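Asks: Just dropping this structure here.
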Amino acid sequence: MTDASMSIHTAKVKWERTGWCVLGGVIPDVALAAAQADLGHFFPSAEEFASDHDPERNRPFRVRGDAVRPRFPFESDSINLLAVHEVLIDLAEEILERRDLRLYQGLLSAKYSDGAPDDEQLLHADYGNHTLVVPRHDVGYEQLEMFVYLTDVTAETAATRMVSLERTTGIPVERTYLDFEEYADLYATEEPASGSAGSVLLYRPDTFHRGVAMTAPRSWRVMLHVAFKSPGTDWLGYQSWPFSAEGMPWHRLVPHLSVRQLCVLGFPAPGDDYWSEETLAGVSARYPRLDMSPWRSAFRTGSTEASAVPAGERTPAR
Ligand SMILES: O=C(O)CCC(=O)C(=O)O
Ligand SMILES: [Fe+2]
Numbered sequence: 028m029t030d031a032s033m034s035i036h037t038a039k040v041k042w043e044r045t046g047w048c049v050l051g052g053v054i055p056d057v058a059l060a061a062a063q064a065d066l067g068h069f070f071p072s073a074e075e076f077a078s079d080h081d082p083e084r085n086r087p088f089r090v091r092g093d094a095v096r097p098r099f100p101f102e103s104d105s106i107n108l109l110a111v112h113e114v115l116i117d118l119a120e121e122i123l124e125r126r127d128l129r130l131y132q133g134l135l136s137a138k139y140s141d142g143a144p145d146d147e148q149l150l151h152a153d154y155g156n157h158t159l160v161v162p163r164h165d166v167g168y169e170q171l172e173m174f175v176y177l178t179d180v181t182a183e184t185a186a187t188r189m190v191s192l193e194r195t196t197g198i199p200v201e202r203t204y205l206d207f208e209e210y211a212d213l214y215a216t217e218e219p220a221s222g223s224a225g226s227v228l229l230y231r232p233d234t235f236h237r238g239v240a241m242t243a244p245r246s247w248r249v250m251l252h253v254a255f256k257s258p259g260t261d262w263l264g265y266q267s268w269p270f271s272a273e274g275m276p277w278h279r280l281v282p283h284l285s286v287r288q289l290c291v292l293g294f295p296a297p298g299d300d301y302w303s304e305e306t307l308a309g310v311s312a313r314y315p316r317l318d319m320s321p322w323r324s325a326f327r328t329g330s331t332e333a334s335a336v337p338a339g340e341r342t343p344a345r
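In the numbering used here, the protein residues as written are 28 to 345.
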């Protein structure tokens, strides 16, 4: 299991050296319980799946393990709030050494045993679909992927298998999938990213890893996938939030978010040049329950929020 006492500093050192680590006890109990309570809106429970209580509902999970992957903003306030939880932003800021990060991915996945498909993935690096170019390891250019564990994750309940970056430095950059036979030696060194519910797996998009089949019967594994990056990096991404901004989940969520959380989702920070009398009035009309006072007062006084980034620093740090 995870070392729940591992400090963020130790996690960062391991993340930099090996490309991944699991940090235990990250999610506060109340936030975890609230998110878990809503999982039934999205997925059959382990027991419902195993007993085939509702074959129609189970069918997609029997055909393809990744067939159902709900995306942020979810039809669950608790899971939306978890995706932008301050503890995840704190962690991402520590690891990426920036205070102006963007959340660029939010999705839920569930995996089952008892007749679910054989989910043995090839070892792969995620940057194939997280960047248009190739990763660069300097502050301002890095990406941080997280799996937030909503169930206990063990080697038997399909903990993602990870290979240390130290072992993969010689792999050509254009090769993001590794053949089972050609790279059998690397497959032999993979380690399960085990951790109890509320733990978070942190990994870099060039860390080789793979999903595996569940071996424990009548079990499930549910994770929230989130990823962070610096602003001004248009080549990095996965999802776009404005695409979902007409829906009720977004409108319900916005008034509950802090300035910091809204900025992580791409809202212009207080003091940003975007804000004018007209845009302040328009955004207030669009989100009548959002307290716009931080944006209004920054506009009146010409100041920027503590969390906001001065205009001159919006490009990646060099
Ligand atoms: O399901 C897993 O354990 C791994 C999934 C994965 O590799 C991914 O989402 O990039
Ligand atoms: Fe992956």
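Where is the CB? At the ideal position from N, CA and C, for every residue including glycine. Predicted, not measured: the structure shown is a model, and the values here were computed from it.
Is it the case that the stretch 44-60 contacts the stretch 104-123, given that we only count it when at least three CB pairs across the two stretches are under 8 Å?
Replies: yes
Asks: What's the gap between the Cα of N156 and the Cα of Q266?
Replies: For N156 and Q266, the distance between alpha carbons rounds to 11 Å.
Asks: For a quick check, are the C-beta atoms of L135 and V49 less than 8 Å apart?
Replies: no
Asks: Could you name the residues whose beta carbon sits closer than 6 Å to any heavy atom belonging to ligand 2, keeping them in chain order?
Replies: Every residue whose Cβ sits closer than 6 Å to any heavy atom of ligand 2 is listed here in chain order: H151, D153, H236.
Asks: For T181, which of helix, strand or coil comes out of DSSP?
Replies: coil
Asks: May I ask you to check if the CB of W259 is nearer than 7 Å to at least one heavy atom of ligand 1?
Replies: A small correction: the amino acid at residue 259 is Gly; Trp does not occupy that position in the sequence shown. Every heavy atom of ligand 1 is 7 Å or more from the Cβ of G259, so no.
Asks: Under 7 Å: does the beta carbon of A185 sit that close to some heavy atom of ligand 1?
Replies: A distance criterion of 7 Å places the beta-carbon of A185 in contact range of ligand 1, judged by its closest non-hydrogen atom.
Asks: Which whole-angstrom value describes the C-beta separation of F255 and L123, a residue pair presumed to lie in contact below a C-beta threshold of 8 Å?
Replies: Contact flag correct, Cβ pair sits at about 6 Å.
Asks: Tell me the DSSP bridge mates of R347?
Replies: Only positions 28 to 345 of the chain appear in this structure, which leaves residue 347 out of reach.
Asks: Return the residue from the list H36, D141, F270 that minimises the CA-CA distance to P244.
Replies: D141
Asks: Would you say the beta carbon of K138 is closer than 7 Å to some non-hydrogen atom of ligand 1?
Replies: yes
Asks: Quick one: what does DSSP say H236 is sitting in, helix, strand or coil?
Replies: strand
Asks: Determine the burial state of D81: buried for a count of at least 16 other Cβ atoms within 10 Å of its Cβ, exposed for fewer.
Replies: exposed
Asks: Let me check understanding here. Comparing Cα to Cα, which of S311, Y214, D79, V53 lies closest to M173?
Replies: V53
Asks: Could you name the residues of the same chain whose beta carbon sits closer than 6 Å to that of E217, not counting the 5 residues immediately before and after it, in chain order?
Replies: R188, V190
Asks: Out of W47, D165, P276, V180, which one is the CA nearest neighbour of D349?
Replies: With the chain running from 28 to 345 in the structure shown, residue 349 is simply not present.
Asks: Quick check on the DSSP output: the beta strand (DSSP E) that includes E201 runs from which residue to which?
Replies: First-last for E201: undefined, no H or E at that position.
Asks: Identify which residue in M33, E193, S320, A182 has its Cα closest to the Cα of L118.
Replies: Ranking M33, E193, S320, A182 by CA distance to the CA of L118 puts M33 first.
Asks: Can you tell me whether DSSP reads M33 as helix, strand or coil?
Replies: coil
Asks: Could you tell me which residues DSSP pairs with S303 in its beta bridges?
Replies: In the DSSP output, where bridge partners are listed per residue, S303 has none listed.
Asks: Does Q366 come out as helix, strand or coil in the three-state DSSP assignment?
Replies: Residue numbering for the chain in the displayed model covers 28 to 345; residue 366 lies beyond these limits and cannot be assessed.
Asks: Would the C-beta of G238 count as close to ligand 1, meaning under 7 Å from any of its heavy atoms?
Replies: The nearest non-hydrogen atom of ligand 1 is less than 7 Å from the C-beta of G238.
Asks: Excluding five sequence neighbours on each side, which residues of the same chain lie with their C-beta closer than 8 Å to the C-beta of R345?
Replies: Any reading at R345 needs caution, since the residue's pLDDT is 32, under 50, leaving its predicted position unreliable; the model's value is listed next. For R345, where only same-chain residues beyond five positions count, the Cβ hits under 8 Å are D165, G167.
Asks: Can you check which of these residues, M275, R129, G238, is closest to G293 by C-alpha distance?
Replies: Of the candidates M275, R129, G238, the residue whose Cα lies closest to the Cα of G293 is R129.
Asks: If you reduce the DSSP assignment to three classes, tell me which class V95 lands in.
Replies: The answer is coil: DSSP assigns V95 none of H, G, I, E or B.
Asks: Can you tell which of Q63, D93, V40 has its C-alpha closest to the C-alpha of A224?
Replies: Q63
Asks: Where does S136 sit, in a helix, a strand or coil, going by DSSP?
Replies: Correct three-state label for S136: strand.
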